[in-house]
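Working notes for the structure below.
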Amino acid sequence: MTSQPTLMASLDLQDVAHQLVQQFMDELQEMLDDLISGTLSAQQANVLSKIVSFFDNEMKQHHVEEERHIFPVLLSKDNELLREKVRMLKADHDELRKGWSDLKRAIEQMAASPAADGKTLRACFERYSECFARHLVLEESVQYSPEAKLLFKSWDS
Ligand SMILES: [Fe+2]
Ligand SMILES: [Fe+2]
Numbered sequence: 285m286t287s288q289p290t291l292m293a294s295l296d297l298q299d300v301a302h303q304l305v306q307q308f309m310d311e312l313q314e315m316l317d318d319l320i321s322g323t324l325s326a327q328q329a330n331v332l333s334k335i336v337s338f339f340d341n342e343m344k345q346h347h348v349e350e351e352r353h354i355f356p357v358l359l360s361k362d363n364e365l366l367r368e369k370v371r372m373l374k375a376d377h378d379e380l381r382k383g384w385s386d387l388k389r390a391i392e393q394m395a396a397s398p399a400a401d402g403k404t405l406r407a408c409f410e411r412y413s414e415c416f417a418r419h420l421v422l423e424e425s426v427q428y429s430p431e432a433k434l435l436f437k438s439w440d441s
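Count along the sequence shown from 1, then add 284; that gives the number in the working numbering.
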């Protein structure tokens, strides 16, 4: 039996984390033009640093906890379709880690020298955003499976 995670021991907390991803990706997209043209307001810069911190800390931790506490349990179930989905989720995590590292670097470079060519930043954003959108749909189909619901229920008691 795996131990209980700290940040995500319920379906509600999972949903909150996933909603924050969508909200922060939307906010980031809205400020890309201003970031590229070097016209971010102080308030936008403040929001941007919160977004970077969220993907850099909470999201990395979220992936690690899923890999430690959820994926191994689901991989042990006698359900090949579920196992295949979980393997795809793990592959997405690897892609998301790389995608975030590229996007974070592009954000930092643009913040340091705005008005540079925004192509790299936009391409990194698109890649990360597409991968996350795909990941959340697949992950939500897995976390509402009977096997996952059982696991979350076991943490409730
Ligand atoms: Fe997740
Ligand atoms: Fe995930």
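Just so you know, even glycine gets a beta-carbon here, dropped at the ideal spot from N, CA and C.
- Close-in-space but distant-in-sequence residues of the same chain around Glu420 (CB under 6 angstroms, 5 per side omitted): Per the sequence shown, residue 420 should be read as Leu rather than Glu. Excluding positions up to five away in sequence, the list reads His302.
- Message: If you follow the alpha helix (DSSP H) that Ala390 is in, where does it begin and where does it stop?
- Response: 364-396
- Task: State buried or exposed for Val300, treating a residue as buried only when at least 16 other CB atoms are found within 10 Å of its CB.
- Result: exposed
- Exposure label - Gln307; buried when at least 16 CB within 10 Å: exposed
- Find out if the Cβ-Cβ distance for the pair Val348, Glu431 is shorter than 9 angstroms. Against a cut-off of 9 angstroms, the Cβ pair of Glu431 and Val348 comes out as no contact.
- Would you mind stating whether Leu373 and Val426 have Cβ atoms separated by less than 9 angstroms? yes
- Query: Would the beta-carbon of Leu268 fall within 9 angstroms of that of Leu405?
  - Reply: Missing from the structure shown is residue 268; the chain here goes from 285 to 441 and no further.
- Task: Decide if Gly322 is buried, meaning its Cβ has at least 16 other Cβ atoms within 10 Å, or exposed.
- Result: exposed
- Item | the segment 405-414 contacting the segment 380-389, beta-carbon criterion three pairs below 8 angstroms | Short answer: they touch.
- Label Asp376 either buried or exposed according to how many other C-beta atoms from any shown protein chain fall within 10 Å of its C-beta, with 16 as the threshold for buried. buried
- From which residue to which residue does the alpha helix (DSSP H) around Leu319 run? Segment 295-321, the alpha helix (DSSP H) holding Leu319.
- Determine the extent of the alpha helix (DSSP H) in which Asn330 is found, giving its start and end residues. 326-337 is the extent of the alpha helix (DSSP H) around Asn330.
- Task: Pull up the CB-CB distance for Ile354 and Leu435, whole angstroms please, since I reckon it's below 8 angstroms.
- Result: 7 angstroms
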